[in-house]
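Colleague: Here the sequence shown is numbered in UniProt numbering, starting from 1 and rising by one per residue.
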Amino acid sequence: MTQEVKDVRVCFRPLLEASDVLLITHRVLQEFPSRILPEFRPWFPSAYDTHPPIRPQRPAPLILPEEPLRQDQTQSQSRAEGQRFQRSWCAIQDRNAPLETTHSFSRLFRMTIEKHKLHLRQRVRWVLSERNCAELEELWLGINRAVRHSRMPTCNANFQRALAQIWLYCDVLYCEYIGNFLKQEFQLSGQITLSVHKVGDIIQL
1 MTQEVKDVRV
11 CFRPLLEASD
21 VLLITHRVLQ
31 EFPSRILPEF
41 RPWFPSAYDT
51 HPPIRPQRPA
61 PLILPEEPLR
71 QDQTQSQSRA
81 EGQRFQRSWC
91 AIQDRNAPLE
101 TTHSFSRLFR
111 MTIEKHKLHL
121 RQRVRWVLSE
131 RNCAELEELW
141 LGINRAVRHS
151 RMPTCNANFQ
161 RALAQIWLYC
171 DVLYCEYIGN
181 FLKQEFQLSG
191 QITLSVHKVG
201 DIIQL
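1. Can you tell me whether C11 is buried or exposed, with buried defined as 16 or more other CB within 10 angstroms of its CB?
2. Whose C-beta lies closer than 7 Å to the C-beta of V127 among residues of the same chain, with five residues either side of it excluded?
3. Locate the alpha helix (DSSP H) running through R148, then write down its first and last residues.
4. In three-state DSSP terms, what is S19?
5. Under 8 Å, do V199 and Q122 count as touching if we go by C-beta distance?
6. When the Cα atoms are used, what is the spatial distance from C170 to N132?
7. Count the other C-beta atoms from every protein chain shown that fall within 10 angstroms of the C-beta of F40, then say buried if there are 16 or more, exposed otherwise.
8. Beta-carbon within less than 7 Å of E176's beta-carbon, same chain only, minus the 5 sequence neighbours each way: which residues are those?
9. Looking at the strands, I want to know which residues DSSP matches up with T193.
10. Residues in the same chain with beta-carbon distance under 8 Å from F85, minus the five sequence neighbours each way, listed in chain order, please.
11. Smallest Cα separation from I203: which of N180, I24 and E130?
12. Among the residues of its own chain, which have a CB less than 7 Å from the CB of T112, if the five just before and after it don't count?
13. Can you give me the Cβ contacts of D20 inside the same chain, cut-off strictly under 7 Å, excluding the 5 residues immediately before and after it?
14. State the Cα-Cα distance for the pair E137 and Y174, rounded to the nearest angstrom.
15. Rounded to a whole number of angstroms, what is the C-alpha to C-alpha distance between P14 and P38?
16. Run the CB neighbour count on P153, radius 10 Å, all protein chains shown included, and call it buried at 16 or more, exposed below.
17. May I have the straight-line CA-CA distance separating K117 from L182, to the nearest angstrom?
18. Do A146 and E185 count as a contact pair if the criterion is CB distance below 8 Å?
19. Starting from Q30, trace the beta strand (DSSP E) in both directions and tell me its first and last residue.
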């Protein structure tokens, strides 16, 4: 050992002999084997290294001045913008607004509901198209205001611009009331269609 040991206290079991204890103590106090550690070399290049080990395999790309778009690219961009414009916008009724009461069903609606076994809280859809009005955009604005002011109970509206149609979803309980409201409030021409999911068109009003 590098330092001289002057005083050593040894604790051992009584079963061991004194000679064995001295031998074990001597072996413990012997010099531990030592080895020279290799010099540390970092994997990253140092500031003095002129040849760093990490290099890109390919040279950096050249940035050229912007080229004018070709005709096919401009047509594809205009087509994409047109597709983004053909989106559906939805107006949802305020859920906190009180619901209005409706009249009882007419004979036509009552027989249709019984025929298809529709639940009163089942959702149905009124479909309005260009044949019902002159301008769908103006009709949509009016329907949007009516829905937001809770004039059509349980109703939400969806403008399918790609199909040139307005879809109004409502419960079966209010379907006749909403259909009559649409015809009278917006003075729709022609017939509007009531359809049910997985059933199809059931009533034309």
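Positions of the beta carbon are idealized from the N, C-alpha and C atoms, including for glycine.
A quick note: this is a predicted structure, and the numbers were derived from the prediction, not measured.
Modeller: According to the structure data:
1. What you label residue 11 is simply residue 11 of the sequence shown in a count that begins at 1. Its Cβ having fewer than 16 others within 10 Å, C11 is exposed.
2. Here the question's residue 127 lines up with position 127 in the sequence shown. The answer, listed in chain order, is Q165, W167, I192, T193 and S195.
3. Against the sequence shown, residue 148 aligns to sequence position 148. Note, R148: alpha helix (DSSP H), L136 to R148.
4. The count along the sequence shown starts at 1 and reaches residue 19 at position 19. Looking at S19 - three-state DSSP - the assignment turns out to be helix.
5. Your numbering for residue 199 matches position 199 in the sequence shown. Your numbering for residue 122 matches position 122 in the sequence shown. Cβ distance not < 8 Å, so V199 and Q122 don't count as in contact.
6. Residue mapping note: residue 170 aligns to position 170 of the sequence shown, counting from 1. Residue mapping note: residue 132 aligns to position 132 of the sequence shown, counting from 1. Cα-Cα distance, rounded: 19 Å.
7. Your numbering for residue 40 matches position 40 in the sequence shown. Its Cβ having fewer than 16 others within 10 Å, F40 is exposed.
8. Position 176 of the sequence shown holds residue 176. So the qualifying residues of the chain are F105, S106 and F109.
9. Taking the first residue of the sequence shown as 1, we reach residue 193 at position 193. When beta bridges are read from the DSSP output, T193 appears opposite V127 and Q204.
10. Numbered from 1 along the sequence shown, position 85 holds the residue referred to as residue 85. Low per-residue confidence applies at F85: pLDDT is 44, beneath 50, and the placement is therefore not dependable, though the value from the model is reported in the following sentence. R161, listed in sequence order.
11. Within the sequence shown, residue 203 is the residue found at index 203, counting from 1. Nearest C-alpha to I203: N180.
12. What you label residue 112 is simply residue 112 of the sequence shown in a count that begins at 1. Only I202 and I203 meet the Cβ criterion.
13. The sequence position of residue 20 within the sequence shown is 20, counting from 1. Within the same chain, D20 has no close Cβ partners at all.
14. The count along the sequence shown starts at 1 and reaches residue 137 at position 137. The count along the sequence shown starts at 1 and reaches residue 174 at position 174. Taking the straight line joining both Cα atoms gives about 25 Å.
15. In the sequence shown, the residue the question calls residue 14 occupies position 14. In the sequence shown, the residue the question calls residue 38 occupies position 38. Distance between the alpha carbons of P14 and P38 is about 46 Å.
16. Working through the sequence shown from its first residue, we reach residue 153 at position 153. Buried, by the Cβ-count rule.
17. The sequence position of residue 117 within the sequence shown is 117, counting from 1. The sequence position of residue 182 within the sequence shown is 182, counting from 1. Rounded to the nearest angstrom, the two C-alpha atoms are 25 Å apart.
18. Position 185 of the sequence shown, counting from 1, holds the residue named residue 185. Position 146 of the sequence shown, counting from 1, holds the residue named residue 146. Yes.
19. To locate residue 30, count along the sequence shown from 1; it is residue 30. Following the DSSP letters along the chain, one finds Q30 in no beta strand (DSSP E), marked with neither H nor E.
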